Amino acid sequence: MFDEVFHDTVLPNYLAACQKVSVQLAVWNESIALFVFMREISITKFIQVWVPGDSYDGVNGRPCSWIKKLTIGPSANIVYPLTFLKNDEVLMRTEGGRFFLYNLHHQMYRVFTMAENTHPEWECSYVKSLLSVQGGYQSRS
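Note that the UniProt record's numbering has the sequence shown beginning at 1, numbered continuously upward.
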């Protein structure tokens with residue numbers, strides 16, 4: 001039997017002050033991550049990726065800081081990010097419904113095409129833990 005403990009965590013401070021910001025939860029490198037992006041006239045200019053930092057609150061031992069790991073953009077016609085893929089690519093969608101892949105290492109976009117007359121079926125990511133066990137997010141008691 002496993003004794004799992006779940007805690008809430010605060011978001012990056014500047015998100016509370018922003019009104020036109022969108023935040024999307026993702027899984028990246030076996031840990032949680034946030035896509036943070038501002039939408040201007042339905043087009044996203046920059047996408048930031050935030051991950052939990054190494055600061056812990058002294059009471060509950062949970063992460064209480066976030067680190068901005070990277071910024072994607074500017075992009076001309078990307079509406080929003082969808083998910084990280086295993087090969088460090090980000091799947092994104094355009095306003096017209098087209099899909100793009102963005103490679104984090106090469107910093108290049110490429111069109112992701114699907115056969116016409118198909119209905120895409122999306123699979124959900126599953127991880128045993130929301131925080132990486134390799135990243136050291138254990139309780140500090």
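Every residue, glycine too, gets a C-beta built ideally from N, C-alpha and C. Since this is a predicted model, take the numbers as computed values, not measurements.
Per the C-alpha coordinates, the member of S31, V10, L101 and F35 positioned closest to V90 is L101. In the structure shown, L15 adopts helical secondary structure according to DSSP, grouped into three states. V36 is not a Cβ neighbour of L70, given a cutoff of 9 Å.
By the beta-carbon neighbour count (other beta carbons within 10 angstroms, threshold 16), M92 is buried. A straight line joining the alpha-carbon of R98 with that of W50 spans about 25 Å.
Within a 10 Å sphere around the beta-carbon of F84 sit 16 or more other beta-carbons, which makes this residue buried. For Q24, the three-state secondary structure derived from DSSP is strand. Beyond the five residues adjoining it in sequence on each side, Q48 comes within less than 6 Å, by CB distance, of V36, K68 and T71 in the same chain, given in chain order.
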